[in-house]
Amino acid sequence: DNNDAPYNNVRRNKNEQHDEPFINLLDERGLRQQDETAHKNHQDAQLFKLLSSYVRHSKYQELESKMNEPDYDLPIDYAGGGDDNDDSNAAGNTLLMIACQNGNKRAAK
16 DNNDAPYNNV
26 RRNKNEQHDE
36 PFINLLDERG
46 LRQQDETAHK
56 NHQDAQLFKL
66 LSSYVRHSKY
76 QELESKMNEP
86 DYDLPIDYAG
96 GGDDNDDSNA
106 AGNTLLMIAC
116 QNGNKRAAK
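To get this note's numbering, take the position in the sequence shown, counting from 1, and add 15.
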């Protein structure tokens, strides 16, 4: 029966049960990376929405406080688009553009 060695893991009976799948097609590491990326994009979109509101409504102290937090990492050229449910920045404006459109020199600095 040495000729059957390559086929030892093959199910001979369709009702036969195995604890592990024959081939694991699930890329758990890739799925985890996708989830982390989607979560980060969602967080960035929510932060951008908040900062955009601060800029539009001249809330300089709140804006400066948020941007000076140690874990603040929103890129300066971020223009939204990370959250499919948010149309607040459909034009693709950055925070600087929003500040300039609203005449907020202090926020633009």
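Glycine included, C-beta positions come from ideal geometry on N, C-alpha and C.
Which of the three DSSP states, helix, strand or coil, is assigned to residue i?
i	result
Glu79	helix
Glu84	coil
Asp92	coil
Thr109	coil
Lys74	coil
Gly118	coil
Leu41	coil
If I measure Cβ to Cβ from residue i and keep anything under 7 Å in the same chain, skipping five residues before and after, which residues do I get?
i	result
His54	none
Gln76	none
Thr52	none
Do residue j and residue i come within 8 Å of each other at the CB atom, strictly closer than that value?
i	j	result
Asn108	Ala94	yes
Leu62	Leu89	yes
Ala123	Cys115	yes
Asn119	Ser73	yes
Leu110	Ser68	no
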